[in-house]
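Student: Structure below; questions to follow.
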Amino acid sequence: MPVLKESFTGYYRWHAKRMLRDVGVARAARIGKVLVGVALLERLTPEVAYVYYIFVGKDHRRQRVGAALLRDALDRFQRQRSRVVYAVVGADNRASIGLFRSQGFRSVARKELSWKDGGLGAWGLRSRMYIIHGERLYGRRLDGQ
Ligand SMILES: CC(C)(COP(=O)(O)OP(=O)(O)OC[C@H]1O[C@@H](n2cnc3c(N)ncnc32)[C@H](O)[C@@H]1OP(=O)(O)O)[C@@H](O)C(=O)NCCC(=O)NCCS
6 MPVLKESFTG
16 YYRWHAKRML
26 RDVGVARAAR
36 IGKVLVGVAL
46 LERLTPEVAY
56 VYYIFVGKDH
66 RRQRVGAALL
76 RDALDRFQRQ
86 RSRVVYAVVG
96 ADNRASIGLF
106 RSQGFRSVAR
116 KELSWKDGGL
126 GAWGLRSRMY
136 IIHGERLYGR
146 RLDGQ
């Protein structure tokens, strides 16, 4: 998949390829017949949703494709009554941070209470989020609290 290859290198390319096979839902954005972006989505629990990856082909970046994929994911999770959605972003990935912030996500501090207590922490689920060194957890509540 060319959009995946040009979006990631090294570990991320390997992991995104693996998740493409294993993930619960893969959503594609197309312009005409051309696949221009993909979102890999999972519900970690009925209440907690997770965006594993969003990637957009180089020629189609900054055209709101990533934002459309993320809004589609949020609508989907909301319909399924998830209460909170998380994503992991590289600390120096400005595009990714900008994308998630533009859709209401914020950085989640390690010390925050769990989402059940009104915060955005979900540390019991961290092992399923594959957070590696240099990455930060971002989250957004979907239940209006
Ligand atoms: C991150 C990525 C998916 C963004 O996709 P995109 O289609 O270019 O993003 P959009 O055009 O929808 O941008 C939505 C918002 O994100 C932010 N944004 C996007 N690219 C940005 C950049 N290069 N620098 C800063 N902010 C950026 C902006 O706030 C933008 O809103 P604006 O256009 O009103 O300024 C894309 O850059 C990409 O595929 N990167 C490689 C893969 C990756 O790192 N994915 C994220 C981690 S899984």
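Residue numbers (this note's numbering): 6 to 150. C-beta atoms are modelled at their ideal positions from N, C-alpha and C, and glycine is treated no differently. Note that this is a predicted model, so its numbers are computed, not measured.
Only counting the same chain, and skipping five residues up and downstream in sequence, which positions put a Cβ closer than 7 Å to that of Thr14?
Tutor: If we look at Thr14 and ignore the five residues flanking it on each side, it has no Cβ neighbours.
Student: As a quick exercise: from Lys121, Gln68, Arg81, pick the residue whose alpha carbon is nearest that of Ala100.
Tutor: Residue Gln68 is the option with its Cα nearest to Ala100.
Student: Ligand 1 and Ser12: does any heavy atom of the ligand fall closer than 8 Å to the residue's C-beta?
Tutor: Yes, the beta carbon of Ser12 sits closer than 8 Å to at least one heavy atom of ligand 1.
Student: By the 10 Å Cβ neighbour count, where 16 or more other Cβ atoms means buried, how is Tyr55 classified, buried or exposed?
Tutor: Counting Cβ neighbours within 10 Å, Tyr55 comes out buried, since at least 16 surround it.
Student: Let me know the secondary structure DSSP gives Ser101 once reduced to three states.
Tutor: If DSSP states are grouped into helix, strand and coil, Ser101 belongs with the helices.
Student: If we ignore side chains and look at the alpha-carbon of each, how far apart do Glu47 and Tyr57 end up?
Tutor: Each residue's Cα considered, the two are about 7 Å apart.
Student: Work out the CA separation of Ala92 and Val39 for me, nearest whole Å.
Tutor: The straight-line gap from Cα to Cα measures roughly 26 Å.
Student: For ligand 1, is there any heavy atom lying closer than 8 Å to the beta carbon of His65?
Tutor: At least one heavy atom of ligand 1 is nearer than 8 Å to the Cβ of His65, so yes.
Student: Taking the alpha-carbon of Glu52 as reference, which of Arg32, Asp97, Trp120, Leu45 has the nearest alpha-carbon?
Tutor: Residue Trp120 is the option with its Cα nearest to Glu52.
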